[in-house]
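Read through the structure below, which is laid out as structure tokens, and then see the notes.
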Amino acid sequence: MRCLVLLLILAACASPSPQMAGAVRHDIRLQGIDFAIFHKEDRAEVIRMTFVPRPKTRNIPALMAEAVARTTGCEVIAFSGKALAPGDTGVARFDLDCWNVLSPRPGS
């Protein structure tokens, strides 16, 4: 019984990969799905916290990109999203364009 409780507690935790150590955490719910976003400089890592059955995961990558954009205020660079495992919709990384947040674009 104690092992089951420990497993449930650990399953509810989200922590970034070592490359994202020191990142700022943001939490958001989109379309009933909870995401934890870790933002560091021009990168973001997003973890889906809500269980979604396999047949319903088709739109998850787009929701992850939207969650990153909304919470960081940065623009997600097109086609930069990469799942940590092929076909996985649980964790992904994105490259960001944060000029609009950090400073104006050169020549603006």
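In mature numbering (1 follows the signal peptide of the UniProt record, and there is no 0), the protein residues as written are -21 to -1, 1 to 87.
Note that CB positions come from ideal geometry on N, CA and C, so glycine has one too.
Name the residue from the options whose alpha carbon lies nearest to the alpha carbon of residue i.
{"i": "residue 64", "options": "12, 75, 26", "result": "26"}
{"i": "residue 106", "options": "39, 33, 50, 78", "result": "With the chain running from -21 to 87 in the structure shown, residue 106 is simply not present."}
{"i": "residue 30", "options": "44, 11, 74, 17", "result": "11"}
{"i": "residue 78", "options": "33, 67, 51", "result": "51"}
{"i": "residue 76", "options": "35, 67, 47, -1", "result": "47"}
{"i": "residue 34", "options": "6, 66, 5, 21", "result": "66"}
{"i": "residue 32", "options": "-8, 68, -7", "result": "68"}
{"i": "residue 1", "options": "7, -8, 17", "result": "17"}
CA-CA distance, residue i and residue j?
{"i": "residue 19", "j": "residue 9", "result": "21 Å"}
{"i": "residue -5", "j": "residue 15", "result": "12 Å"}
{"i": "residue 70", "j": "residue 57", "result": "17 Å"}
{"i": "residue 74", "j": "residue 23", "result": "7 Å"}
{"i": "residue -3", "j": "residue 37", "result": "27 Å"}
{"i": "residue 28", "j": "residue 54", "result": "22 Å"}
{"i": "residue 13", "j": "residue 49", "result": "13 Å"}
{"i": "residue 5", "j": "residue 21", "result": "15 Å"}
Could you tell me which residues DSSP pairs with residue i in its beta bridges?
{"i": "residue 17", "result": "4, 24"}
{"i": "residue 62", "result": "71"}
{"i": "residue 12", "result": "9"}
{"i": "residue 54", "result": "76"}
With 16 other CB atoms within 10 Å as the buried threshold, where does residue i fall?
{"i": "residue 3", "result": "exposed"}
{"i": "residue 72", "result": "buried"}
{"i": "residue 41", "result": "exposed"}
{"i": "residue 44", "result": "buried"}
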